[in-house]
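Structure, as structure tokens:
Number of protein chains: 2
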Amino acid sequence: MTIFPSLFFDPFLKASLPLLATATETDTESSALIIAGVLLSLVVIYFASKLGGEICARIDLPPVLGELVGGVVIGVSVLHLLVFPEGGASASDSLLIQFLLKTSDLTPEAAQSVFATQSEVISVLSELGVIILLFEIGLESDLKELIRVGPQAAVVAVVGVVAPFATGTAGLIYFFHVPTIPSIFAGAALTATSIGITAKVLAEIDRLSSKEGQIIIGAAVLDDILGIVVLAVVASLVKTGEIEVFNVIILIVSAGAFLIGSILIGRLFSPLFVRLVNEMKTRGQLLLAGLIFAFILSYIAQVIQLEAILGSFTAGLVLAETEKRTELEEQIIPVADIFVPIFFVCVGAKTDLSVLNPAIPSNREGLIIAAFLIVVAILGKVITGFTVLGQPQLNKLAIGVGMIPRGEVGLVFAGVGSASGALSASTDAAIIMMVILTTFVAPPLLRVVFKEPKVALEEQSN
Amino acid sequence: MTIFPSLFFDPFLKASLPLLATATETDTESSALIIAGVLLSLVVIYFASKLGGEICARIDLPPVLGELVGGVVIGVSVLHLLVFPEGGASASDSLLIQFLLKTSDLTPEAAQSVFATQSEVISVLSELGVIILLFEIGLESDLKELIRVGPQAAVVAVVGVVAPFATGTAGLIYFFHVPTIPSIFAGAALTATSIGITAKVLAEIDRLSSKEGQIIIGAAVLDDILGIVVLAVVASLVKTGEIEVFNVIILIVSAGAFLIGSILIGRLFSPLFVRLVNEMKTRGQLLLAGLIFAFILSYIAQVIQLEAILGSFTAGLVLAETEKRTELEEQIIPVADIFVPIFFVCVGAKTDLSVLNPAIPSNREGLIIAAFLIVVAILGKVITGFTVLGQPQLNKLAIGVGMIPRGEVGLVFAGVGSASGALSASTDAAIIMMVILTTFVAPPLLRVVFKEPKVALEEQSN
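These protein sequence lines are chains C and E, in that order.
Quick note on numbering: the first sequence equals residues 1 to 462 in full-length UniProt numbering.
Quick note on numbering: the second sequence equals residues 1 to 462 in full-length UniProt numbering.
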């Protein structure tokens, strides 16, 4: 029945198939189980993020806090569903892998490698999450608006970065004898105001367009940039392991050069970007072109010893100035919705809150450090409002209070610091405590320092 | 200067930091480079997919073809930018890793582990891509419409699955002496019509709402489901390594039970889903709730030895029946836009077209198999139109031609088959050749067999 017998090599085919099957069976088996493990992790992560977010939204707290706390609950501190090898966990510590063992044909021997690969994949997804988050923050920022709001916002931003950074770092080194690098890291984590949380809270109390609101937003945008430069500098310091003035200068110059250079080159390139995207006919052209740009800048930032997030943030800033901004913002929302929660939940899951248990004497340092950081974090921002001189009608306390929430960017510091191994567990947990508390405390405080908007409106109309 | 000396443990802190730094320095270093590698891979993948897609869109071919060809160009066949360890490549074969070595501080020693992890991450992203693609196809499908189009579509679908499957499998076994399992796989790859490509081509020539168009779409939807069941059955057969009638029955029953069971349970559950999503207040609630549902079904499908894609497709079908369909479809588009190209480009990149080089005698079998598959693929679908009896005014040739393109689903077969190790390189390449050719040939053929729409309209109005 064979038509062209000389052309076909049955023995080869027949022999090669079982061989192929044997060689790749374990691979295929474990790659199918890696997918199963990743799917299960994502289900748990999304569930925790939504449950936490919804609970927070109902008790009038920022949903992002709920995602973090949701991560804490499923992570190493409580349920052990999502644990990571770098925290010292093995496959047998992961409830998720135990569930996989029970529900699939995963063998205990293969469990460790599935655990390792699945954790690596989730970690990369969480890194992509923060890269995409900063791209979105960049898109929502506005260089021109920033320039308009002018010197007041700049003073508020700079004081709000320098004061808590200097006080926090110096305090940790001199009062608490924390080594220099973790002190700088913790100080740096005190700098950046969360533009997302601040803007959301201002919108909720109807004060986004007030003069105070404008200054807060402008300063928060500037703060974001300053904070990212500080993060990049600090993270690079951690990488080199010591503080060399030459290195710091190089890093500040390269961070500045990268930021300014990318923005200038990006502005030259953005008309070409818009023309190219308009020419393209296939689905997703704008989103993929935007992500290609963001990922290239992230790659460059990463390999020149800065952080990938600085690249994606800059890409967002550049593209925010094009006519494609609104369209791109709309398209990035669902992408951010599925990637960003992975980051926050993983930060929470990796946080070992057991170091804050005051019953164990050695843990008390974490709590004391947290208390110190919280005081510095709040006072260091509250004073910023009073740096705006000569405008007596301005609610200066409100400006300072508006700068209190640290939110995403503070967590980025905690995440990067903990991933880099620079932060001890207690300092890391203290930073997260500080972020949680400042974010918790800001929304109710803002309502106190601003008059109730309805009352204000009634007073105006009377 | 120490305030509470007894509470702080400087020696611990000072000693633990360098320890931590040493233990995690390589990890941090390589994890930063894994991110860099993944970012670079994504840039290359997105660039290839858009370049290929745009070229195809300009010469009037489906963009998905361009993504596949783009993958072939950057993959193991041509540029070696994106290669995978399961294809036998090592870090030194990957141009991308070589680029990383040149642009970053990656050491040649660490290169192999960065290459392995980065490839694993891209493979998982590509798997998530096909899971999300099938979720989207499920959302775009419509059980009720299918029932309306009725028996004609069903006959066309069933004949269009059985005829090429039986002819293809039998032909490969008896004429070409290919072993049974790869023959069944290749036969199965001949079954599923690409609903996306067919619908798009029909829309382009303005025939989507014609009676022929309705039957084609209905049959293509059914075909999609049949094809996925066939894929699940075949992939499971590959996993167990042999054909056992009992296994086949178990699998068909479990595939059927899973599909019908999920749809029935899903329908009961979907009002709760809609109520829950309406109750939720945080960003991304619908998308994440939908993905949680899709990933749970994917996980179940995966662990009961079916394929994850069957789960996400079913989840899409169920959610397509809720009032949230349109909103969810809109939100899934950007997500699919960033995930799905990774799948198609990776399928292309993993395809070693060198096995089709006719200069090497042993390669000729791949070409001959491809020629055979192409003939069966076209004839097996063209005859389906003529199974619609008693409607002489119907353009039966057009119905059959409309069923020719295999597109995504055919590539899913090739991808799953090649990943599972069941397909020899030549059979795998032959299937891809068949998919490429049927997809290439359908759009121009459809224009020939349908009269020009303008002429038809003029005849009507005369």
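Yeah, the Cβ is synthetic: ideal placement off N, Cα and C, and Gly gets one too.
In the DSSP assignment, Ser123(E) falls within the alpha helix (DSSP H) that extends over 108-140.
Of all residues in the segment 286-312 of chain E, only Leu287, Leu288, Ala289, Leu291, Ile292, Phe295, Ile296, Ser298, Tyr299, Gln302, Val303, Ala308 place a beta-carbon less than 8 Å from a beta-carbon of chain C.
About 6 Å separates the beta carbons of Ile304(E) and Ser254(E), which is inside the 8 Å limit, making them a contact pair. Three or more Cβ pairs closer than 8 Å define a contact, and the segment 276-286 of chain E meets that threshold against the segment 50-69 of chain C. Not a single C-beta of chain C is nearer than 8 Å to the C-beta of Pro108(E).
Under the DSSP assignment, Gly75(E) falls outside any alpha helix (DSSP H); it carries neither an H nor an E label. Counting C-beta atoms within 10 angstroms of its own C-beta, Lys102(C) has fewer than 16 neighbours from the protein chains shown and is therefore classed as exposed.
Listed along chain E, no residue sits closer than 8 Å to Phe269(C) by beta-carbon distance, the nearest being about 15 Å off. Taking 8 Å as the cut-off, the Cβ atoms of Ser298(E) and Leu39(C) count as close. Listed along chain E are Met280, Lys281, Thr282, each with a C-beta nearer than 7 Å to that of Glu54(C). When secondary structure is reduced to three states using DSSP, Glu327(E) falls in the helix class. Contact check between the segment 115-124 of chain C and the segment 28-37 of chain E: three or more CB pairs, one atom from each, fall below 8 Å, which counts as touching.
Going by C-alpha positions, Ala315(C) is about 33 Å away from Ile374(C).
Counting of Cβ neighbours within 10 angstroms places Ile249(C) among the exposed residues, the total staying below 16. Pairing Ile45(E) with Leu79(E) gives a Cβ-Cβ distance that is not under 8 Å.
With a threshold of 8 Å between beta carbons, Val335(E) makes contact with chain C. For Pro182(C), the enclosing alpha helix (DSSP H) covers residues 180-189. In chain order, Ile292, Phe295, Ile296, Tyr299 make up the part of chain E whose C-beta sits under 8 Å from the C-beta of Val43(C). As the crow flies, the alpha-carbon of Val73(E) is around 15 Å from that of Ile436(E). Gln391(C) and Val156(C) have their alpha carbons spaced roughly 14 Å apart. Not a single C-beta of chain E is nearer than 8 Å to the C-beta of Ile431(C). Leu134(C) and Val161(E) have their C-alpha atoms spaced approximately 48 Å apart. Residue contact with chain C for Thr117(E): present (Cβ-Cβ distance below 8 Å to some residue of chain C). Annotated three-state conformation of Thr351(E) is coil, per DSSP. Taking Val233(E) as reference, the option from Ser30(E), Ile215(E), Glu212(E), Phe258(E) with the minimal CA-CA separation is Phe258(E). Per the C-alpha coordinates, the member of Thr384(E), Ala110(E), Phe84(E) positioned closest to Val159(E) is Thr384(E).
Exclusion of the five residues before and after Gln118(E) leaves Ile34, Gly37, Val38 as the residues of its chain whose Cβ lies within less than 6 Å of its Cβ. With its beta carbon at least 8 Å from every one in chain E, Leu133(C) lies outside the interface. Its Cα nearest to that of Phe343(E), the residue Ile309(E) stands out among Ile217(E), Ile309(E), Gly88(E), Ile215(E). For the C-beta of Lys50(C), the chain E residues within less than 9 Å are, from N- to C-terminus, Met280, Thr282, Gly284, Gln285, Leu288, Ala289, Ile292. DSSP, reduced to helix, strand and coil, places Met280(E) outside both helices and strands of the structure shown, so it counts as coil. Between Lys324(C) and Val274(C), the C-beta spacing is below 8 Å.
Interface criterion not met: the Cβ of Ile374(E) is under 8 Å from no Cβ in chain C. Distances from the alpha-carbon of Leu319(C) to those of Ala336(C), Gly256(C), Val340(C), Leu291(C) put Leu291(C) closest.
Here Val401(C) is buried, its C-beta having at least 16 other C-beta atoms within 10 Å. Interface with chain E (8 Å Cβ-Cβ cutoff): Leu61(C) is excluded.
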